[in-house]
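Read in order, the letters of the sequence shown correspond to residues 283 to 344 in my numbering. In this text, a Cβ means the ideal position worked out from N, Cα and C, and glycines have one as well. Since the structure is predicted, the reported quantities are computational estimates derived from the model, not experimental observations.
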Amino acid sequence: MSKNVYQFIDVKRIDPTKHTVDKRKEEFIEIYQPMGEAQAKGQADRCLDCGNPYCEWKCPVH
Numbered sequence: 283m284s285k286n287v288y289q290f291i292d293v294k295r296i297d298p299t300k301h302t303v304d305k306r307k308e309e310f311i312e313i314y315q316p317m318g319e320a321q322a323k324g325q326a327d328r329c330l331d332c333g334n335p336y337c338e339w340k341c342p343v344h
């Protein structure tokens, strides 16, 4: 089975949910709530299976 290498277009980017402003004002904690495993995998697959890795050639790590 072949993968859709342009799935990064079809699968929308989902940012993690933020804690409420009131909670962030009271506590010094990470503002983003953790993603579930399935959601994190889906978001990572957008990048790892990308058919147009334009970010790779600009990456300072490479």
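Do you know how far the Cα of residue j is from the Cα of residue i?
| i | j | result |
| --- | --- | --- |
| residue 323 | residue 311 | 24 Å |
| residue 301 | residue 317 | 13 Å |
| residue 224 | residue 309 | The structure shown does not extend to residue 224, since the chain spans only 283 to 344, so no value can be given for it. |
| residue 298 | residue 325 | 10 Å |
Once DSSP output is grouped into helix, strand and coil, what is the label at residue i?
| i | result |
| --- | --- |
| residue 300 | strand |
Which residues in the same chain have their Cβ closer than 6 Å to the Cβ of residue i, if we skip the five residues on either side of it in sequence?
| i | result |
| --- | --- |
| residue 293 | 328 |
| residue 288 | 333 |
CB-CB under 7 Å to residue i, same chain, minus the five flanking residues each way: which ones, in chain order?
| i | result |
| --- | --- |
| residue 306 | 313 |
Near residue i, which residues of its chain fall below 8 Å by C-beta distance, leaving aside the five closest residues on each side in sequence?
| i | result |
| --- | --- |
| residue 295 | 325, 328 |
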